[in-house]
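Okay, structure first, notes after.
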Amino acid sequence: MQVTIGIPTYKNDGHTIGNLLEALTKQTYKDFKVKVIMKRGERRGDEKTLQILDSFRGDLDLNLVYQEEGLFEEALNLLFQEKADIYITTDDDATPSPTWVEDHVRIQEMEWVGCATGEIEGSKWVNYPNLIFDEFRDKVYMKPYSKDFQQYHGFLTKGGLSVDKNEPKPEGVFKTLAVAGVNMSVKGEVVKGYAPLTFTLRGTYNESLIALNGMRKGFHSINFQGAKVNHADRESLSRTKNKLVADYLALERFVLPYGVNYLGFYIDESLINQMINDINWDIAKEGLRIALKGIKENVEPLRFREMLMESRYYVALNEKKDISRGQEA
0 MQVTIGIPTY
10 KNDGHTIGNL
20 LEALTKQTYK
30 DFKVKVIMKR
40 GERRGDEKTL
50 QILDSFRGDL
60 DLNLVYQEEG
70 LFEEALNLLF
80 QEKADIYITT
90 DDDATPSPTW
100 VEDHVRIQEM
110 EWVGCATGEI
120 EGSKWVNYPN
130 LIFDEFRDKV
140 YMKPYSKDFQ
150 QYHGFLTKGG
160 LSVDKNEPKP
170 EGVFKTLAVA
180 GVNMSVKGEV
190 VKGYAPLTFT
200 LRGTYNESLI
210 ALNGMRKGFH
220 SINFQGAKVN
230 HADRESLSRT
240 KNKLVADYLA
250 LERFVLPYGV
260 NYLGFYIDES
270 LINQMINDIN
280 WDIAKEGLRI
290 ALKGIKENVE
300 PLRFREMLME
310 SRYYVALNEK
320 KDISRGQEA
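In numbering that gives the first Met the number 0, the protein residues as written are 0 to 328.
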């Protein structure tokens, strides 16, 4: 079985990636390759990262690929270009447990599993649509997209959002759309012929879209106990303590209807309009309006990125102006 571990890295400056690679040398399951997808940042910092990578070449089957253009979704494209039976992804600021690879390989032996996330210790990202789920849970746009999601703890709604049931997570293995790239494994069959949609600026929901592509092929996505990683508490693409970044991240969570619609999980435009009218939260409204415009005009993903860059909250982030108002859930 060919296992490839994918590690996108950008401006790590050698700070944490060494801990990750050291942990990979101690895995109980040894038969894997490591593919580091590095986007250049500042020269001095890059040199430190490269020095760390070079120091592990004798201990790991390590391949470095430079990402010359694009954002996080393009980095995943580079990973999936290398054929593998199982891809396992993590972040350059995560430290996996010794049985991490072994646990993912074991869970992927279940034929119906296409995408899986193990246990995560430390800082996690916020799924902003959850903040309004209870208020609107009886609305049709918050109902599961189809019967396929009835048994999912985290599911796709008819309105194209990803939300989680407001109840304790089940023990053991359970189905969910809330998979996390910091600790994710994917069957090669799931991403065969698939290119991650290049429509966001911070890689939002790239994992959920991979999981949805797997569902189109008859697989399910799960969360399971085991394969533990510790995720360092630091600023990243999906986690922040900066209010302006958080506002933009919230907006990007609400443009998911465009992504799922583009993938083939078609969304009733009237439901998006209904959400825009019902929800008293400007960030959510703007995200939904952008998603609706992208769907109506059949916008290509790269053009959709430009629409996000034109959004008020992205402009405010760059100008460091707090413009958020209305209901902050």
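All C-beta atoms in this analysis are idealised placements derived from N, C-alpha and C, irrespective of residue type, glycine included.
{"Asked": "Reduced DSSP category for Gln-50 - H, G, I as helix; E, B as strand; rest coil", "Found": "helix"}
{"Asked": "Glu-327 (DSSP reduced to helix, strand or coil)", "Found": "The predicted model places Glu-327 with a pLDDT of 38, which falls under 50 and marks its position as unreliable, so this point remains unresolved."}
{"Asked": "Proximity to Ile-282 [Cα-Cα], best of Ser-310, Met-214, Gln-273", "Found": "Ser-310"}
{"Asked": "Beta-bridge partners of Val-259, as assigned by DSSP", "Found": "For Val-259, which the question treats as bridged, DSSP gives no partner whatsoever."}
{"Asked": "For Glu-41, the three-state DSSP class (helix, strand or coil)", "Found": "coil"}
{"Asked": "Between the CA atoms of Asn-317 and Leu-63 - distance to the nearest angstrom", "Found": "31 Å"}
{"Asked": "Beta-carbon proximity check, Ile-85 vs Gly-180, cutoff 8 Å", "Found": "no"}
{"Asked": "The alpha helix (DSSP H) enclosing Val-190, as first and last residue numbers", "Found": "187 to 190"}
{"Asked": "First through last residue of the alpha helix (DSSP H) which encompasses Asp-60", "Found": "Per DSSP, Asp-60 belongs to no alpha helix (DSSP H) and is neither H nor E."}
{"Asked": "The segment 182 to 197 / the segment 108 to 115 touching (three or more Cβ pairs under 8 Å)", "Found": "yes"}
{"Asked": "Beta-carbon contacts of Lys-142 that lie in its chain and below 7 Å, excluding the five residues immediately before and after", "Found": "Thr-156, Lys-157"}
{"Asked": "Nonlocal neighbours in the same chain, by C-beta distance under 7 Å from Glu-81, ignoring five residues either side", "Found": "Thr-3, Lys-34"}
{"Asked": "Coil, strand or helix - Leu-176 by DSSP", "Found": "coil"}
{"Asked": "As assigned by DSSP and simplified to three states, the class of Asp-163", "Found": "strand"}
{"Asked": "Distance, Asp-60 Cα to Lys-29 Cα", "Found": "10 Å"}
{"Asked": "Touch test, the segment 147 to 155 against the segment 67 to 78, Cβ-Cβ under 8 Å, three pairs minimum", "Found": "no"}
{"Asked": "Close Cβ partners of Ala-177 (< 8 Å) along its chain, the five nearest in sequence each way excluded", "Found": "Thr-116, Asn-126, His-152, Gly-153, Ser-161, Asp-163, Ser-207, Asn-222"}
{"Asked": "Continuous beta strand (DSSP E) assignments of at least 3 residues falling wholly in the segment 128 to 156", "Found": "153 to 155"}
{"Asked": "Asn-297, DSSP secondary structure in three states", "Found": "coil"}
{"Asked": "Beta bridge counterpart(s) of Gly-121 as assigned by DSSP", "Found": "His-230"}
{"Asked": "Beta-bridge partners of Val-35, as assigned by DSSP", "Found": "Ile-6, Leu-63"}
{"Asked": "CA nearest to the CA of Gly-258, picked from Met-274, Leu-301, Ala-231", "Found": "Leu-301"}
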